[in-house]
Amino acid sequence: MRAIVTGQVGVDKKSYLQGVVDFAGERGEDISLYNVGEMMYGEAPDINAGQILNLPLARLRSLRRAAMKDIIRDAEGKENVIINTHATFRWRHGLFAAFDFDQIKEFKPDTLICLLDNIEVVHARLHQDYTSDATLKDLMVWREEEIMATELLAQALNIPNRFYVLSRGRHEDTTETCYRLICKSQMKTVYPSFPMTHVEKLPDVKAVINDFRAKLAEVFIAFDPGDVDEKLLLDAALDAVKEGEDFIQAEAGTFRPGEMLSVPVRQVLDIAKDVDGQIYTRDFQMVRQSDMIVSLVPELPGGSPGLSSGVERELQHAFDHSREVYVVWHPQKNPSPFITETATKVFRTTEEAMKHFEEKGYIVQGNLFGH
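Using the working numbering, read the sequence shown as starting at 1279 and increasing by one per residue.
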């Protein structure tokens, strides 16, 4: 597979993708990784680290084209290749493209992946590695631009069905997911759907949900909506306002595991509409890039179904886009026709669903493609 991976500055794609290469190597698979930014610095030894984006656009383009020319030549004949680059830049020059279409076309990519991370973590990385005054709002806008530009590039290359949005992962990184996209693309892709916000304070229900997510992630290429969740950040900021606090603490995630970040409440409130809008758009994109949706409706205390409006919309969106729609329904009360009439099949347990997928040949026995 020949893949191009994009993502805004601050996602730290280089270390993530090196992890994908290492993961593949441990399984006897070779992936050649080319970091365009690193190669551009190699073409310009006079430029100090973190300063290349301050160059005039003409020189930036010249360095990029030289790097891409070397990549195209060196990658010829290699089976699995990843180019780590950007689709756009939003910097002192304003918004500008980070690729030349003629060279991308010459490379002949099979897959385009736009890598994401939680915005407060992107902000922390960016300010650690660069001299920048970018706010959370700036980075939310840049993320949207990066996703859209990557998607348009996939359409221009006539591979719209091989465009993916992928998160680095909030707690556990998605290295294996990316590896599967590159080396095991024959595996089924799935969107795990489940309630999030209103089960946050129900540990027993969350445990059931997490077990469901883990079982799907083990045997499919799973695009989990929980891997990026700025809604928690926004809720914490709203609570902080009530307490008169100016900063909130947020987990640093894969940036600095186990540490906390201090995030300005005002900046979080400034992105409130962006958070909601991007969750809505991103989750629907992940539904469309999947072969199927598998939705868990847990039973809440008191016996009521844990069916959120978001889950209902995701199920309908999958149905409207001709995806296979599966529902794991835990409550004793039977599901309504709004569930059963759009579902390919309804199960009572996750185990029942997994058995069905195995019988349909969706799960390969044995070593799971080298898992």
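A virtual CB, placed ideally from N, CA and C, is assigned to each residue, including glycine.
Buried or exposed for residue i, please, with buried defined as at least 16 other CB atoms from any protein chain shown within 10 angstroms of its CB.
{"i": "Lys1462", "result": "buried"}
{"i": "Asn1313", "result": "buried"}
{"i": "Ala1550", "result": "exposed"}
{"i": "Leu1646", "result": "At Leu1646, the pLDDT of 47 sits below 50, so the modelled position is not reliable; the number obtained from the coordinates is stated separately. With fewer than 16 other Cβ atoms within 10 Å, it is exposed."}
{"i": "Arg1626", "result": "exposed"}
{"i": "Gly1644", "result": "Note that Gly1644 scores 42 on pLDDT, short of 50, meaning its location in the model is unreliable and no value can be drawn from it."}
{"i": "Ala1528", "result": "buried"}
{"i": "Ser1568", "result": "buried"}
{"i": "Val1299", "result": "buried"}
{"i": "Thr1371", "result": "It should be noted that the sequence gives His, not Thr, for residue 1371. Exposed: under 16 other Cβ atoms inside 10 Å."}
{"i": "Thr1467", "result": "buried"}
{"i": "Ser1600", "result": "exposed"}
{"i": "Phe1379", "result": "exposed"}
{"i": "Ala1427", "result": "buried"}
{"i": "Leu1341", "result": "buried"}
{"i": "Arg1544", "result": "exposed"}
{"i": "Ser1614", "result": "exposed"}
{"i": "Glu1619", "result": "exposed"}
{"i": "Ser1587", "result": "exposed"}
Name the DSSP beta bridge partners of residue i, please?
{"i": "Phe1374", "result": "Phe1367"}
{"i": "Arg1337", "result": "Arg1337 is not bridged to any residue."}
{"i": "Lys1623", "result": "Tyr1604"}
{"i": "Val1399", "result": "DSSP lists no partner for Val1399."}
{"i": "Asn1313", "result": "Asn1362"}
{"i": "Tyr1442", "result": "Ile1391"}
Would you kindly report the start and end of the unbroken beta strand (DSSP E) that includes residue i?
{"i": "Asp1602", "result": "Residue identity check: residue 1602 is Glu in the sequence provided, not Asp. Run containing Glu1602: 1602 to 1607, per the beta strand (DSSP E) assignment."}
{"i": "Leu1574", "result": "1570 to 1575"}
{"i": "Leu1430", "result": "Per DSSP, Leu1430 belongs to no beta strand (DSSP E); it is in the alpha helix (DSSP H), 1414 to 1434."}
{"i": "Val1283", "result": "1280 to 1284"}
{"i": "Met1564", "result": "Per DSSP, Met1564 belongs to no beta strand (DSSP E); it is in the alpha helix (DSSP H), 1550 to 1566."}
{"i": "Thr1467", "result": "1467 to 1471"}
Compute the distance between the beta-carbons of residue i and residue j, then report whether it is under 8 Å.
{"i": "Gln1381", "j": "Ile1360", "result": "no"}
{"i": "Tyr1294", "j": "Leu1393", "result": "yes"}
{"i": "Glu1424", "j": "Ala1365", "result": "yes"}
{"i": "Gly1285", "j": "Thr1453", "result": "no"}
{"i": "Glu1398", "j": "Leu1547", "result": "no"}
{"i": "Arg1491", "j": "Asp1502", "result": "yes"}
{"i": "Asn1362", "j": "Lys1292", "result": "yes"}
{"i": "Val1289", "j": "Asp1395", "result": "yes"}
{"i": "Val1572", "j": "Ala1621", "result": "no"}
{"i": "Tyr1408", "j": "Gly1315", "result": "no"}
What residue does the alpha helix (DSSP H) around residue i start on, and which one ends it?
{"i": "Ser1587", "result": "1587 to 1598"}
{"i": "Thr1409", "result": "It is not in any alpha helix (DSSP H) - Thr1409 carries neither H nor E in the DSSP assignment."}
{"i": "Phe1379", "result": "1379 to 1385"}
{"i": "Tyr1457", "result": "1453 to 1461"}
{"i": "Val1477", "result": "Neither: Val1477 is in no alpha helix (DSSP H) and is coded neither H nor E."}
{"i": "Leu1510", "result": "1509 to 1521"}
Requested in this report: Report yes or no: do the region 1551 to 1570 and the region 1591 to 1598 share at least 3 C-beta pairs separated by less than 8 Å?
Outcome: Taking 8 Å as the limit for Cβ pairs, the verdict is that the region 1591 to 1598 does touch the region 1551 to 1570.
Query raised in the report: Pairing CB atoms from the region 1511 to 1524 with CB atoms from the region 1430 to 1443, are three or more of them under 8 Å?
Result: no
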